Each structure stands twice: as C-alpha cells, then as structure tokens.
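Take any residue in the first sequence, note its place counting from 1, add 97, and you have its number in our numbering.
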Amino acid sequence: MSIGYACLAVGVPESEMKSLTLSKVSEKTLLDTSRINLAHLKNLLIYTTANNLKLFRISSDLIPFGSSDANTLPWWEVFAENLLELGKLATESGIRLSMHPGQYTVLNSPRPEVVTRAIADLVYHARVLTSMGLGNEHKIVLHIGGAYGDKVEASKRFVATYLTLPQGVKDRLILENDDKLFTISEVLAIAREVGCPVVFDNLHHKINPSKEWLSDLQWIEACAPTWKGKDGKQKIHYAQQDVRKRPGSHSPTISLEPFLLFHEALPARDIDIMLEVKDKNISALKCMHATQGGTVEQLGEQWLKYKPLVTERDPEKIWKVEDLLKDAADGQVVSLAFYRLLEKNLSLEVFRSQAEITATSIAEKCIQSPAEERRITKRIAEYKQAQIPLEKLKQSIMNMANKHRVDEVLTSYYPMM
DNA sequence: CACCGTCAAGTCGCA
DNA sequence: TGCGACTTGACGGTG
C-alpha cells in the first residue's frame, strides 16, 4: 500500500509552483515560469524518492495556462526532454503520479464553451503525463460536475461528453465522488456505464452520503471492480474534517488514531491512498511510518523538523522523545510510539514565553544584518505583548530564512503550527 | 516591509 | 438578480 500527498511539499525548498496572471502572460514569462516549475517538480520527485514515498499528485499549475488560449507555446515540445527526464525519475523510483483538475473543469455543463474548455483542460493534463512517458496507471482524477437542478440530465450529459473524449484522456480518467452533488453510488452508476475507474473519497462521502447505507469498506469494495489491470492499483482518497471550518474542509494534519482505524478496516489487497490534508508530505510520512514502520534514521530526521514545535510548548518533553529514539534498535517497533507521543506533545498549548525563546533561537540562525535583527526583535516583542499572533512572527522569521536560504529552518515544520 | 483588494476559473446557494 | 464561497499565489497599490 502506498500513501501519497498532493501537489506540494512542506519544508522542501525550491519546490513551489509559480503562477502567472493573465496580464503578465507573454512567451517569455510562460517559458520562464514553466522552466522553474519543471525544475521544482524535479525537486519534489527527488524529495519523494528520498523519503520512500510512492504516490504523488502533480499540481495542475505545472504549465501556466496549460490548457488556455493564452498559452500558444508547444510546451510539450519545448520541454520534451525535461518532461521525459521527470517521468524517468518517477518510474525508476516506483512513484505513481496523478493529476487532478480543479472545480472549474466541468465536463457536463450545459454551456458548450465550458465543455470545450474542460476537454482542452483534460487534454492538457493527459499531455503532461504522456510527455513524461508514463503509463496509463498514472491517472487524472475528475469530479462529475454540476447538477443544474436535474442530476439525471446532468449525468446523461456527462456520459455523452465522456464518450467523445480523446482515447488518451479516457485511458487516464478516473471519477471521484464530491462533497456537494454526486454521491459515490451516483458516480459508480456513471462510471459503470462508461467503463471508468472510481475513486472513493471518505470525507466527501461522509458529507454527501448516498441513500444506500454502506460502510466505507463496502464502498471501497464496490469501486474495486471498476479498476482493470491496465488501470493499476485501486486508488482512494482519505481526508479528515477541519472542525473549525465548513464541512468538507481538509484538516491541518491527519490525526493518527482515526487513520489507523480506517487503515485496519481496509481490504487485505494492495490499495493506494492519496491523503488530502493541509500539511501534505508531513502527514504522508506520519501515516506511512505509523503503518509500515520507519527506520531510526527516518524517525530521527522527522524529529529534528518537529522539535521546535515541541520546544515552544514544553521543552521538558523533548527528552522523552529523544529517549524513545535512542533506545530504538528497531525503527519499525517505535514508529507508532514515536508519532503517538509526538501528537500528544503537539496537542499541548503553546507557552508564550517558550515560543519567544524558540523564535529567538530560530531567528538567530537567519539574521544577517543589524537591521534584520532590529526588525525581528521588534516582532518578538510584539508577540510577547500579544499584539501579533505567533503565526505572524513565524512568517517574518520564515521570510528571512527564505531570503538567506537557511536550509535548516526552511526544512523544519516550525511554520506549520 | 506589511497588509489588502483583486484576479481567474464555474457552480451553487443565500439574500 | 446578484454576489459570496470555494482556492491560492501573484500583483499592484497603500500605509
């Protein structure tokens, strides 16, 4: 079983996708931005490989305006070599890639111009994966679209349009239940009609359940036959609700115990799980290590990145974690204990005075001029007097870390909580 | 430097 | 009927 993350990695320098606004589009800006994004994707794949992750979703932002008339570049030719190299990197590392056009790609719209653009967008996504030399098990995830007051008609339109898609798109397309309109049973009905694999999303299903009452496991089993040999392993999406936000919002991180319960209930056969969560790779590593074990080295590396978050709560707790890792002859055994202890410590309240000390010591690594020192000292004082939230202080420190490329700070999880 | 409104995509749902 | 929410960085303007 592979556990994956989507589009971006926290704490990986030079990995973010740049975008353009329409007013800035030109041949030069398109070329420059595409080149940067491809280089950043390479960094993401290197990171994914180094951390032994096997599932990753490529951001649709890879090629700016990739499916729009605003971009007339034959980018797949201009960057043919780069794309092939990236695909090779993924293939050699056994990484399964995917893409996921957003909410604005609507195949079943009654407006023909919307449908035309949606098809162009799917062609763009398929072209990225194909240009990378990847097989059809590297998929494109799509929702059914709008309901327009008549889901039956909307479903019929989806099917009709699906049938007109280029084969290269059909070969990669997989369909997902959404959190508002099309339930898992409705998606399954459409998918069976057109012969397309289905991705079960547990959170969408929780919020937008079908009238048939089956368990998550039963729905996953119902989706299983839609996956044929050429499609690769069955994929599902797993997410948890952010309790502070509207229904459907992804949680900041994956809470371990509910994930473990979900995981234990999964079928014995091999399934790929794409996590949808704000902290991306951080949760992917947590869930992977917790269920499949991590080496002492892997856990130690994670611990260094989490450490300042524990320090700003209660520095005394550091020793317990370090003792656990020190006594660990076998990383497999302590992985679960490590992440459970970590979660427990991270659930503690931040201590303002400790957060101040932590911020000071991290800022010290980044400061390179008296002016910077004055600015950060001022920000820390503002935080001390509760004039700004900790988040803002961290942002200032991270801006400086970014400016001076302070890797130790940039790769830590310090700004995440 | 920090902050804020706007943009760009399509649909839904609430005044 | 019209506009806010959804998403997120880029961008331009202000303080």
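Quick reminder that beta carbons are idealized off the backbone N, C-alpha and C, glycines included.
Since the structure is predicted, the reported quantities are computational estimates derived from the model, not experimental observations.
Q.
Helix, strand or coil for G184? Go by DSSP, reduced to three states.
A. Here DSSP, grouped into helix, strand and coil, assigns G184 to helix.
Q: Would you list, in sequence order, the uninterrupted alpha helix (DSSP H) runs of no fewer than 4 residues that lie entirely inside the segment 224-312?
A: For the segment 224-312, whole alpha helix (DSSP H) runs of length 4 or above, ordered along the chain, are 248-261, 264-267, 281-291, 299-304.
Q. Taking C-alpha atoms, which residue in S509, Y221, E111 lies nearest to L401?
A. When C-alpha distances from L401 are compared across S509, Y221, E111, the shortest belongs to S509.
Q.
What does the alpha-carbon distance come out to for the pair M371 and C384?
A. Here the C-alpha atom of M371 lies approximately 11 angstroms from the C-alpha atom of C384.
Q. Along the chain, which unbroken stretches of the alpha helix (DSSP H) at least 4 residues long are found entirely within the segment 310-394?
A. Runs of the alpha helix (DSSP H) inside the segment 310-394: 313-320, 353-362, 378-389.
Q: Indicate the three-state DSSP secondary structure (helix, strand or coil) for R193 in the structure shown.
A: Strand, per DSSP.
(Q) Given this structure, state the Cα-to-Cα distance separating K330 from I241, to the nearest angstrom. (A) Roughly 22 angstroms between the two C-alpha positions.
Q | Assigned secondary structure, A460 (DSSP; H/G/I helix, E/B strand, else coil) | A | Secondary structure of A460 (DSSP, three-state): helix.
Q | Terminal residues of the alpha helix (DSSP H) in which I494 lies | A | For I494, the enclosing alpha helix (DSSP H) begins and ends at 487-500.
Q: For G66, write down the residues that DSSP places opposite it in a beta bridge.
A: Look at the range of the chain in this structure, 98 to 514, and you will see that residue 66 is not part of it.
**Q.** For P198, the nearest candidate out of A217, Y403, R208, E189 (CA to CA)
**A.** Among A217, Y403, R208, E189, the Cα nearest to that of P198 is on A217.
Q: Would you tell me roughly how many angstroms separate the C-alpha atoms of L135 and G191, rounded to the nearest one?
A: A straight-line Cα-Cα distance of about 19 angstroms links L135 and G191.
Q: Taking only the alpha-carbon atoms, compute the straight-line gap between H302 and I281 and give it to the nearest angstrom.
A: Their Cα atoms are separated by approximately 7 angstroms.
Q: Under the assumption that T455 contacts T392 (Cβ atoms under 8 angstroms), give the Cβ distance between them as a whole number of angstroms.
A: The distance from the Cβ of T455 to that of T392 is about 28 angstroms, inconsistent with a contact at the 8 angstroms cut-off.
**Q.** Proximity below 8 angstroms, CB of N205 to CB of F162
**A.** Against a cut-off of 8 angstroms, the Cβ pair of F162 and N205 comes out as no contact.
Q: Return helix, strand or coil for T169, following the three-state DSSP convention.
A: In the displayed model, T169 falls within coil according to three-state DSSP, outside both helix and strand.
Q. Does DSSP classify K417 as helix, strand or coil?
A. Correct three-state label for K417: helix.
Q: For the alpha helix (DSSP H) containing R476, list its first residue and its last residue.
A: From DSSP, the alpha helix (DSSP H) with R476 extends over 467-481.
Q: Please classify V220: does DSSP put it in a helix, a strand, or coil?
A: DSSP places V220 in helix when its eight states are reduced to three.
Q. Does DSSP put Q484 in a helix, a strand or coil?
A. Coil at Q484, not helix or strand.
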